[in-house]
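In what follows, a single structure is set out as structure tokens and then discussed.
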Amino acid sequence: MQFAIVFPAAALLGLACLPDTLVNARRKTVRHAVTLIAAIQFWVAVCFALGLAAGWIPKWHAVLVGASSASPIAASIYFDGVASLMLALVSLVGWVICHYSLRYLDGEVTQGSYFRWTGLTIGSVCLMVVAGNLLLFIVAWVMTSLGLHRLLLHYGHRPAAQRAAWTKFTISRIGDISLITAAALIYSQFKTLEFAELFAMVRAPVSVTVQMQVAGFLLVLSAITKSAQFPFHTWLPQTMETPTPVSALMHAGIVNAGGYLMIRTSPLVALTPWALTLLAIVGGVTACFAAVVMLTQTSVKKSLAYSTIAQMGFMLLQCGIGAYTAAMLHILAHSLYKAHAFLSSGSVIADRVGTSGASPALHHLPWIKLAALGLTLIAFLSISLASFGINPMAKPGGLLLGGILCLALTHWNSQVMRSGNRRLWIRSLVYAGGLCLVYSASFALVDRFISPSLPAAVPEKFWLVAGFVTTSFLGLLILQAALASGRSIALLNRWHIHAANGFYVESMLRRVFGPLLSS
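Encoded structure:
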């Protein structure tokens with residue numbers, strides 16, 4: 000039974016060993032085979048997840064291949080709530096993207112190669128998700144990166160595609176080296192790389208050595224590079240030349256790997272609270288930076304790229320404050336939304352043309368009404384959380400994240416109120432209440448799956464992180480309110496061009512690493 004969960008992924012990896020001449024000559028067979036295997040992987044993942052939720056299948060750790068107890072080299076599976084949710088997500092996204100690609104790339108002579116590398120990428124991510132050994136996790140992590148590299152070079156004759164692929168390749172190697180070094184340090188202390196054994200050891204009181212503290216920071220660095228965080232984010236907006244389904248796979252399934260790494264190794268990273276503090280600060284900075292840049296973009300795909308960077312920043316911020324359940328829910332929701340956004344991006348222009356016209360006049364909203372709206376939404380969220388037995392005071396970062404959610408809902412509903420349409424405003428309040436209920440129910444469900452695998456950890460100097468996050472998001476709210484007012488503000492006009500160019504971070508890094516990328 001244990002091997003059944005990885006058999007489809009192994010089949011996808013096996014297809015990747017076929018030569019280009021064969022897969023392109025038999026491209027129709029290859030594309031249908033990869034799509035079928037991806038569908039099988041999804042249904043296998045769903046069956047195992049439902050079995051785990053119903054109690055028919057226990058959490059388990061199985062060593063499929065192992066040299067000896069004294070060697071870290073082994074192929075093992077670690078299946079728990081965290082792995083089950085992520086495997087179902089990755090399998091679903093992979094299947095949908097393969098099915099979408101059947102028509103999107105129909106007629107291309109290199110479609111066989113495309114499906115071969117897509118199968119390798121999906122299979123590698125699935126293997127990484129259920130890996131029970133940190134060394135196997137690293138092997139799948141690297142294979143995922145290499146598969147994506149080949150997909151980014153699908154139109155390799157285009158200079159922009161080459162630049163994006165090799166920029167991503169260089170940044171990924173930084174993350175790989177960090178992860179490999181962290182694994183070596185972890186093995187030197189615990190003499191094992193099996194997740195089940197490592198997690199059992201750290202649950203007992205353990206002395207945190209310098210090497211474990213370094214390993215914690217290296218794990219954080221790996222997550223930052225994989226999830227396109229500032230200043231390692233520049234490769235993601237460059238990937239405009241890749242086929243749209245590759246963009247969907249990348250944004251919905253691969254950049255999440257950094258967050259999954261943090262959730263999977265959370266018992267180990269929790270031994271280094273200052274690493275969590277660094278993760279929270281980097282995630283917060285990235286979220287605010289990318290959100291500002293996203294507002295100035297005119298390209299649909301580039302705007303979606305900066306949206307992904309911002310979302311990944313917020314997700315890592317959640318990991319940094321110990322809110323792993325919220326981070327996992329964020330991964331699930333963002334992946335499904337972003338896959339849909341990319342696969343439907345071709346209809347965005349038509350939709351905009353069909354809805355073009357003068358915007359309704361916006362009225363001034365008194366502060367007293369804004370405050371009343373905010374208190375109403377806080378009440379909605381509190382009632383929703385209480386309905387599902389969720390105490391935000393008992394959850395790491397619960398009050399902070401709840402406040403951010405209420406800020407977002409308040410901003411959205413205030414824009415509707417300013418339109419002066421009373422019926423629309425009432426509908427928006429109903430939708431906001433429904434969103435609170437859906438979020439609370441989803442949070443409770445995800446928490447039931449993954450809470451047994453999570454540590455109770457918060458970063459050092461949590462008040463510092465909370466103050467930084469609160470100030471940053473209040474600043475974003477004020478900025479959005481200023482932009483929505485329609486008034487011309489000289490300071491914002493001067494900074495608009497800088498934000499549109501990503502504050503020139505890409506240009507500065509290209510100047511530093513350009514010789515390396517072109518070598």
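In terms of numbering that gives the first Met the number 0, the sequence shown has 276 at position 277, counting the first letter as 1, and numbering is strictly consecutive.
Don't be surprised by glycine CBs; every beta carbon is placed ideally from N, CA and C.
If you draw a straight line from the alpha carbon of residue i to that of residue j, how long is it in whole angstroms?
i, j, result
"residue 333", "residue 310", "8 Å"
"residue 116", "residue 137", "19 Å"
"residue 330", "residue 258", "8 Å"
"residue 6", "residue 45", "15 Å"
"residue 523", "residue 178", "In this structure the chain extends from 0 to 518, so residue 523 is not present and cannot be described."
"residue 254", "residue 86", "15 Å"
"residue 446", "residue 366", "37 Å"
"residue 436", "residue 29", "44 Å"
"residue 228", "residue 281", "7 Å"
"residue 271", "residue 316", "16 Å"
"residue 402", "residue 277", "21 Å"
"residue 399", "residue 325", "12 Å"
"residue 163", "residue 241", "9 Å"
"residue 335", "residue 314", "15 Å"
"residue 54", "residue 289", "42 Å"
"residue 148", "residue 168", "7 Å"
"residue 223", "residue 422", "44 Å"
Excluding sequence positions up to five away, which residues of its chain have a Cβ less than 6 Å from the Cβ of residue i?
i, result
"residue 60", "77, 131, 195"
"residue 91", "41"
"residue 8", "122, 125, 126"
"residue 225", "174, 256, 257"
"residue 93", "37, 121"
"residue 144", "171"
"residue 50", "56"
"residue 377", "405"
Answer with buried or exposed for residue i, where buried requires no fewer than 16 other C-beta atoms within 10 angstroms of its C-beta.
i, result
"residue 319", "buried"
"residue 250", "buried"
"residue 405", "buried"
"residue 16", "exposed"
"residue 569", "Past the boundaries of the shown model lies residue 569; the chain is included only from 0 to 518, so the question cannot be answered."
"residue 79", "buried"
"residue 95", "buried"
"residue 321", "buried"
"residue 420", "exposed"
"residue 433", "exposed"
"residue 155", "exposed"
"residue 507", "exposed"
"residue 426", "exposed"
"residue 473", "exposed"
"residue 461", "buried"
"residue 379", "buried"
"residue 232", "buried"
Three-state secondary structure (DSSP) at residue i?
i, result
"residue 77", "strand"
"residue 55", "coil"
"residue 454", "coil"
"residue 107", "coil"
"residue 293", "helix"
"residue 127", "helix"
"residue 255", "coil"
"residue 102", "helix"
"residue 306", "helix"
"residue 32", "helix"
"residue 49", "helix"
"residue 420", "coil"
"residue 20", "helix"
"residue 231", "coil"
"residue 209", "helix"
"residue 391", "coil"
"residue 343", "coil"
"residue 357", "Note that residue 357 scores 44 on pLDDT, short of 50, meaning its location in the model is unreliable; the coordinates nonetheless yield the value given after this. Coil, per DSSP."
"residue 276", "helix"
Can you find the residues in the same chain that come closer than 7 Å, C-beta to C-beta, to residue i, ignoring five residues on each side of it along the sequence?
i, result
"residue 439", "383, 384, 386, 387, 389"
"residue 293", "302, 305, 306, 309"
"residue 287", "471, 475"
"residue 441", "328"
"residue 341", "243, 246, 247, 250, 303"
"residue 391", "384, 397, 398, 401"
"residue 108", "23"
"residue 112", "19, 22, 23"
"residue 479", "410"
"residue 357", "In this prediction, residue 357 has a pLDDT of 44, which is less than 50 and means its spatial position is unreliable; what the coordinates show is noted afterwards. So the list is empty, once near-sequence residues are dropped."
"residue 160", "151, 152, 154, 240, 241"
Can you check DSSP and say which residues form a bridge with residue i?
i, result
"residue 61", "76"
"residue 132", "193"
Chain B beta carbons: is any one of them nearer than 7 Å to that of residue i?
i, result
"residue 450", "Absent from the structure is chain B; it holds one protein chain and no more."
Taking 6 Å as the cut-off, does the CB of residue i come closer than this to any heavy atom belonging to the ligand ATP?
i, result
"residue 121", "As for the ligand ATP, it is missing from this structure, which has no ligand bound."
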